[in-house]
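**Student:**
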Amino acid sequence: MNLGGISFDQEGWRLAVALSIGLLMGVERERHKGSGPGRAPAGIRTFALVALLGGICMVIGSMAVLAVALAFVAAAVLIAYALSDRTDPGLTSEVALLTAFLLGALAQREPQIAAGLAVTVTILLAVRSQLHRLVEQVLTEQEIHDGLLFAAAALVVLPLLPHEPIGPYGVFNPFVLWRLVVIVMAIGAAGYISHRVLGSRVGLPLAGFASGFVSSSATIGAMGARARREPALLWPAVAAAVLSSVATIVQMVIVVGATSPPVLREIAPAMVAAGLAAGAYGAVFALRALRDGSEVEAAAGRAFEPKTAIVFAATVTAILLVSAALHDWLGDAGLTLSTAVAGFADTHSAAISVASLVASGKVPAEDAVIPILAGLTTNSITKAVLAFATGGPRFARAVWPGIVVVLLAAWAGVILGLGW
412 MNLGGISFDQ EGWRLAVALS IGLLMGVERE RHKGSGPGRA PAGIRTFALV
462 ALLGGICMVI GSMAVLAVAL AFVAAAVLIA YALSDRTDPG LTSEVALLTA
512 FLLGALAQRE PQIAAGLAVT VTILLAVRSQ LHRLVEQVLT EQEIHDGLLF
562 AAAALVVLPL LPHEPIGPYG VFNPFVLWRL VVIVMAIGAA GYISHRVLGS
612 RVGLPLAGFA SGFVSSSATI GAMGARARRE PALLWPAVAA AVLSSVATIV
662 QMVIVVGATS PPVLREIAPA MVAAGLAAGA YGAVFALRAL RDGSEVEAAA
712 GRAFEPKTAI VFAATVTAIL LVSAALHDWL GDAGLTLSTA VAGFADTHSA
762 AISVASLVAS GKVPAEDAVI PILAGLTTNS ITKAVLAFAT GGPRFARAVW
812 PGIVVVLLAA WAGVILGLGW
């Protein structure tokens, strides 16, 4: 249907999106508009009309018309603000009105994006009191500082670093190493937030399991740093560190199965045994933390320790350098050696490389089991070193048996599965 140059199967429904955006934002603003001389200058009708005006200007297709309309809305907003008698000097409603105009215009080109942004903006408007309470009463100055530091590390520093290997054996990749720092910061922050929200006895083990899908080694490093900084959190931190290995096993099953189902069938006994062992050992310390009585309140401290993240990246780099030198010295002695060397850095990538060889028909599925377990073994060495380097002797003595038990269970699963 076409009326006045507007096609209702295209422009029509996009104008309807613009109107809906204005109504959505207007409903929220109407509820907070107030009454009397101090009321806000715009409510549901004004927001709906302004958003629709932005859409109509875009349908007309003239940037000059759009600019004039935007200038008119901006001038009207400023005049209304200047003439209003209010005790709250905020500009939230005024800025929201301009946003509604622009979202109405955007809806004519990208209606899905405009609608999503409108919902986001409305949520921000609706949770005003909760956001104010979060910033003024819940978050500490140090936590805000740590949030800004993390944002700078992830969004400013990381994109600027070169993504190419340099130095001896090409193991120094500035982008990859700093990404490790960012990951450890993020895991440390996740543990800190879980601790504050759910408590130490539940929050840290849960955060450790979830973070294990990102990096079990990084999780062990972050939890070790927390246990060293707050000794009362030793048992929850140990549970979190060991439970991260459960996530590692689950993730390995997924990636190997996606790459080569025959390899997954061969290593299934080892993965089941290792996962059960990790879960049981982690559950022991989680229950111990629950039985230890009083909840350890989250101290108003740092969400993460930057020095710990840097130590973790330096330790991983040192391990990579040693393994690369060993590989260079011994040469390419076979698939098992290559996978074991790669496992020092990441057991998943080592397993995927072997499974890819099987998928391409270069290696039989049964010959992939020992190389994958070799990579898991060397990765366990990395975890053991990180546990001591970040958490100290007490944390390492609690985590090391779990690492050994998981590794022995994996090899036992191989032996029993192959009928040795």
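Counting in this note's numbering, the sequence shown runs from 412 upward without gaps. For each residue, glycine too, the CB sits at the ideal point set by N, CA and C.
Helix, strand or coil for F583, going by three-state DSSP, please let me know.
**Tutor:** strand
**Student:** Could you name the residues of the same chain whose beta carbon sits closer than 8 Å to that of L572, not counting the 5 residues immediately before and after it, in chain order?
**Tutor:** P585, F586, W589
**Student:** Between D778 and chain C, is there a C-beta pair that is closer than 8 Å?
**Tutor:** This model lacks chain C altogether; it includes just one protein chain.
**Student:** How would you label G437, buried or exposed, when you count the other beta carbons within 10 angstroms and need 16 or more for buried?
**Tutor:** Around the beta-carbon of G437, 16 or more other beta-carbon atoms lie within 10 Å, marking it buried.
**Student:** Roughly how many whole angstroms lie between the Cα atoms of G558 and V488?
**Tutor:** In a straight line, the C-alpha of G558 is about 34 Å away from that of V488.
**Student:** Can you grab the Cα-Cα spacing for the pair L535 / E505, in whole Å?
**Tutor:** Straight-line Cα distance between these residues: approximately 14 Å.
**Student:** Looking only at C-alpha atoms, which of L460, A638, V532, M596 sits nearest to A427?
**Tutor:** L460
**Student:** Compute the Euclidean distance between the alpha carbons of L566 and N790, then round it to the nearest angstrom.
**Tutor:** 29 Å
**Student:** Please report the distance separating the alpha-carbon of L818 from that of A697.
**Tutor:** 20 Å
**Student:** Are the CB atoms of A761 and T750 nearer to each other than 8 Å?
**Tutor:** yes
**Student:** In this structure, what does DSSP give as the bridge partners for P577?
**Tutor:** The question names Pro, but residue 577 in the sequence shown is Ile. F583.
**Student:** For T793, which option in V479, G515, E441, A756 has the closest C-alpha, if you only look at C-alpha atoms?
**Tutor:** A756
**Student:** Considering only the beta carbon of each residue, do L645 and R805 sit closer than 8 Å?
**Tutor:** yes
**Student:** Going by C-alpha to C-alpha distance, which of A485, G632, C468, V816 sits closest to P717?
**Tutor:** Nearest to P717 by C-alpha distance, out of A485, G632, C468, V816, is G632.
**Student:** Looking only at its own chain, which residues have a Cβ that is under 8 Å from the Cβ of V530, when we skip the five neighbours before and after it?
**Tutor:** Within the same chain, V530 has close Cβ partners L435.
**Student:** To the nearest whole angstrom, what separates the beta carbons of G619 and A650, a pair I think is in contact under 8 Å?
**Tutor:** 7 Å
**Student:** How should I678 be labelled, buried or exposed, when 16 other C-beta atoms within 10 angstroms of its C-beta is the threshold for buried?
**Tutor:** buried
**Student:** Please say whether Y692 and V653 have beta carbons closer to each other than 8 Å?
**Tutor:** yes
**Student:** So what's G454 in DSSP terms, helix, strand or just coil?
**Tutor:** coil
**Student:** Would R637 pass as a contact of A629 if the rule is Cβ separation under 8 Å?
**Tutor:** Going by C-beta atoms, R637 is not nearer than 8 Å to A629.
**Student:** For F561, does the count of other Cβ atoms within 10 angstroms reach 16, so buried, or fall short, so exposed?
**Tutor:** F561 is classed as buried because its beta carbon has at least 16 other beta carbons within 10 Å across all chains shown.
**Student:** I442: which of A482, T533, H574 sits nearest, CA to CA?
**Tutor:** Here the sequence assigns Arg to residue 442, which means Ile is not the residue at that position. Cα-wise, what sits closest to R442 is T533.
**Student:** With distance defined between alpha-carbon atoms, name the residue in R539, G472, R640, I555 nearest to L502.
**Tutor:** R539
**Student:** By DSSP, does E641 sit in helix, in strand, or in coil?
**Tutor:** coil
**Student:** How long is the line joining the alpha carbons of L464 and R456, rounded to whole angstroms?
**Tutor:** 12 Å
**Student:** Please report how far the alpha carbon of G824 lies from the alpha carbon of S656, in whole angstroms.
**Tutor:** Their backbone Cα atoms lie some 16 Å apart in a straight line.
**Student:** When you compare only the Cα positions, how much space is there between Q519 and Y492?
**Tutor:** 29 Å
**Student:** Would you give the residue range spanned by the alpha helix (DSSP H) that F696 belongs to?
**Tutor:** In this chain, the alpha helix (DSSP H) harbouring F696 covers 672-702.
**Student:** Nearest-angstrom Cα distance between E422 and P570?
**Tutor:** 39 Å
**Student:** If you draw a straight line from the C-alpha of I721 to the C-alpha of G786, how long is it?
**Tutor:** 24 Å
**Student:** What residue does the alpha helix (DSSP H) around P522 start on, and which one ends it?
**Tutor:** 522-537
**Student:** For V796 and V666, I'd like the C-alpha separation in whole angstroms.
**Tutor:** Rounded to whole angstroms, V796 to V666 spans 26 Å at the Cα level.
**Student:** For the putative contact between C468 and A486, defined by C-beta atoms under 8 Å, what is the C-beta separation to the nearest angstrom?
**Tutor:** Not really, about 16 Å apart at Cβ, beyond 8 Å.
**Student:** Closest to W462 by CA distance: which of A800, I783, G515 is it?
**Tutor:** Reading off the sequence, residue 462 comes out as Ala, not Trp. Among A800, I783, G515, the Cα nearest to that of A462 is on G515.
**Student:** Report the option in T670, V752, M634 whose CA atom is closest to the CA atom of G803.
**Tutor:** M634
**Student:** Among V769, P522, I814, which has the Cα closest to the Cα of W424?
**Tutor:** P522
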